[in-house]
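Asker: In our numbering, the protein residues as written are 959 to 1389.
Beta carbons: idealized from backbone N, C-alpha and C, even for Gly.
Since the model is a prediction, treat every value here as computed from it, not as a measurement.
Next up is a structure, given as structure tokens.
Structural data, given as structure tokens:
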């Protein structure tokens, strides 16, 4: 479409048939009509010199015409809108049961990190494959003291490219992904690259602190905040004995856990500690891998203690058996049975327990509530359970177990060194 304007003012000049430069204030601007998109594209030429403005305008003109001939459009949505579109699509996957809510939350967090680096107002169609070459550096050089692992960044890069591919198929971008720099292979044998977890001595301290923490809350349960304190204490203890993911555990219902009443489970003959055996059913719709699994674990009082607390709340002389039946499909780790504990509450009480347990080097070890799952898995691995059995129990893959948790401990190194020896009357003798 040619310009409608035929007569031009002193500070206006036509460029070819469908563009014009004009002066606004001291600087020259450009306007060009895009026939396919039926809109004007406008640019500031950033110059006060008319001849320079004409040269720059011609460059813009030829670049735009080349895009038009290649079938590309000029106007583009922003990265923020693109992320919102992709998240809206993934929300449909949650409704369809393809992914769980926890996975959706992780995706949203990952893409928000990307937006903070790439910019929320950046146009999708202006992005190049090389724009995120230094994403790892940009992502890990933060002002916060919390360290960001390489595996965390790699997972983010994967979901970013999945989104870009989705947007590319819908014509919102010219690239189907970024060329992230290849990162060096993670050495799982190095201590700092292992999953953050606890020693057995530390876990004993944590259990003692949890018991005292819960007891203090239950002694004055009517005081504001104490109910949440007690239930969160039980949540952390249950996490320690079950190794469940946060999303799996927060969505556990009372009907998903059964006391097996196993005859051999009343006491530990080795050290006299009492425990029950409980069977946990992790429903597929709450699991990261979308697969229902059952596992049996030893409960040292966290399940039974929480059930007793709930039965007292029900009142009217409700027994534990009656309470469990009445609670039915209510959420276990909830103050009202319908809304789960918040991540913020879990994090707050976890930090309090760590302080009460006198755990060393808290600021350096990157310990979080999820570290209880790492401890649970590491204990099963070090007990020489087959990788397949550990993977089945924890709802993950054999590859993940072997890759992440089969690192050498001091106990394993000593055991390997003494493999050809045995104790006889308190002395080490060759076999």
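(1) Under three-state DSSP, which class holds residue 1292?
(2) Along the chain, which unbroken stretches of the beta strand (DSSP E) at least 3 residues long are found entirely within the segment 1314–1342?
(3) Provide the residue(s) that pair with residue 980 in DSSP beta bridges, ordered along the chain.
(4) Can you tell me the Cα-Cα spacing of residue 1306 and residue 1175, whole angstroms?
(5) Around the Cβ of residue 1336, are there at least 16 other Cβ atoms within 10 angstroms (buried) or fewer (exposed)?
(6) DSSP on residue 1257, reduced to helix/strand/coil?
(7) Residue 1160 to residue 1205, Cα distance in whole Å?
(8) If you follow the alpha helix (DSSP H) that residue 1118 is in, where does it begin and where does it stop?
(9) Which residue from 1285, 981, 1043, 1071 puts its Cα closest to that of residue 968?
(10) Please say whether residue 1080 and residue 1110 have beta carbons closer to each other than 8 Å?
(11) Just reading off the beta strand (DSSP E) that residue 1156 is part of, what are its end residues?
(12) Flag this pair as yes or no: are the beta carbons of residue 1264 and residue 1311 separated by less than 8 Å?
(13) Note the first and the last residue of the continuous alpha helix (DSSP H) segment covering residue 1079.
(14) Which residues in the same chain as residue 1085 place their Cβ atom closer than 7 Å to its Cβ, once the five residues preceding and following it in sequence are excluded?
(15) Could you tell me the distance, in whole angstroms, from the CA atom of residue 1228 to the CA atom of residue 1290?
(16) Take residue 1234 and list the residues in its own chain whose beta-carbon comes closer than 7 Å to its own, dropping the five residues that flank it on each side.
(17) Taking the alpha-carbon positions, what's the residue 1296 to residue 1282 distance?
(18) For residue 1034 versus residue 1082, is the C-beta distance shorter than 8 Å?
(19) Give the DSSP-derived three-state secondary structure of residue 1058 in the structure shown.
(20) What is the DSSP secondary structure of residue 1348, counted as helix, strand or coil?
(21) Residues bridged to residue 1235 by DSSP?
(22) State the Cα-Cα distance for the pair residue 1092 and residue 1114, rounded to the nearest angstrom.
(23) Contact between the segment 1007–1015 and the segment 1044–1052: three or more CB pairs below 8 Å?
(24) So, are the CB atoms of residue 1199 and residue 1239 less than 8 Å apart?
(25) Helix, strand or coil: how does DSSP classify residue 975 here?
(26) Classify residue 1357: buried if its beta carbon has 16 or more other beta carbons within 10 angstroms, exposed otherwise.
(27) Run through the DSSP bridge pairs and tell me what residue 1216 is partnered with.
(28) Is the separation between the beta-carbon of residue 1308 and that of residue 1194 shorter than 8 Å?
(29) Below 8 Å on the Cβ atoms is my contact criterion, and I expect residue 990 with residue 972 to pass it. Report the Cβ-Cβ distance as a whole number of Å.
(30) Report the partner residues of residue 997 according to the DSSP bridge assignment.
(31) Please name the residue or residues paired with residue 1066 in a DSSP beta bridge.
(32) Keeping to the same chain, check which residues put their C-beta closer than 6 Å to that of residue 1330; ignore five residues upstream and five downstream.
(33) Do the CB positions of residue 1097 and residue 1117 come within less than 8 Å of each other?
Answerer: Reading it off the structure:
(1) The answer is strand: DSSP assigns residue 1292 an E or B state.
(2) Along the length of the segment 1314–1342, whole beta strand (DSSP E) runs at least 3 residues long do not occur.
(3) 970, 987, per the DSSP bridge assignment.
(4) Spanning the two alpha carbons is a distance of roughly 15 Å.
(5) So residue 1336 ends up on the buried side.
(6) Strand at residue 1257.
(7) One C-alpha to the other measures close to 25 Å.
(8) Unbroken alpha helix (DSSP H) run through residue 1118: 1108–1127.
(9) For the options 1285, 981, 1043, 1071, the alpha carbon positioned closest to that of residue 968 is the one of 981.
(10) No, the pair does not count as a contact, with Cβ atoms beyond the cut-off.
(11) That residue, residue 1156, is in no beta strand (DSSP E); it is neither H nor E in DSSP.
(12) Residue 1264 places its beta carbon 8 Å or farther from that of residue 1311.
(13) From DSSP, residue 1079 is part of no alpha helix (DSSP H); its letter is neither H nor E.
(14) Cβ neighbours of residue 1085 beyond the five flanking positions: 1131, 1133.
(15) Note on residue 1228: pLDDT 45, under 50, position unreliable in the model; no value is reported.
(16) Spatial neighbours of residue 1234 in its own chain (CB-CB distance under 7 Å, excluding positions within 5 residues in sequence) are listed in chain order as 1217, 1223, 1257, 1262.
(17) The straight-line gap from Cα to Cα measures roughly 15 Å.
(18) In this structure, residue 1082 lies closer than 8 Å to residue 1034 by Cβ.
(19) Looking at residue 1058 - three-state DSSP - the assignment turns out to be coil, as it is neither helix nor strand.
(20) Assignment of residue 1348 by DSSP, reduced to helix, strand and coil, places it in the helix class.
(21) As DSSP reads the structure, residue 1235 sits in a beta bridge with 1256.
(22) One C-alpha to the other measures close to 13 Å.
(23) The answer is no - the segment 1044–1052 does not touch the segment 1007–1015, with fewer than three Cβ pairs under 8 Å.
(24) Cβ atoms of residue 1199 and residue 1239: not closer than 8 Å.
(25) Annotated three-state conformation of residue 975 is coil, per DSSP.
(26) The residue is exposed, with fewer than 16 neighbouring Cβ atoms inside 10 Å.
(27) Under DSSP, the beta-bridge partners assigned to residue 1216 are 1237.
(28) Judged by their CB atoms, residue 1308 and residue 1194 are nearer to each other than the 8 Å cut-off.
(29) Not quite, the Cβ-Cβ distance comes to about 11 Å (not below 8 Å), so this is no contact.
(30) 992.
(31) In the DSSP output, where bridge partners are listed per residue, residue 1066 has none listed.
(32) Excluding positions up to five away in sequence, the list reads 1197, 1198.
(33) Contact: no.
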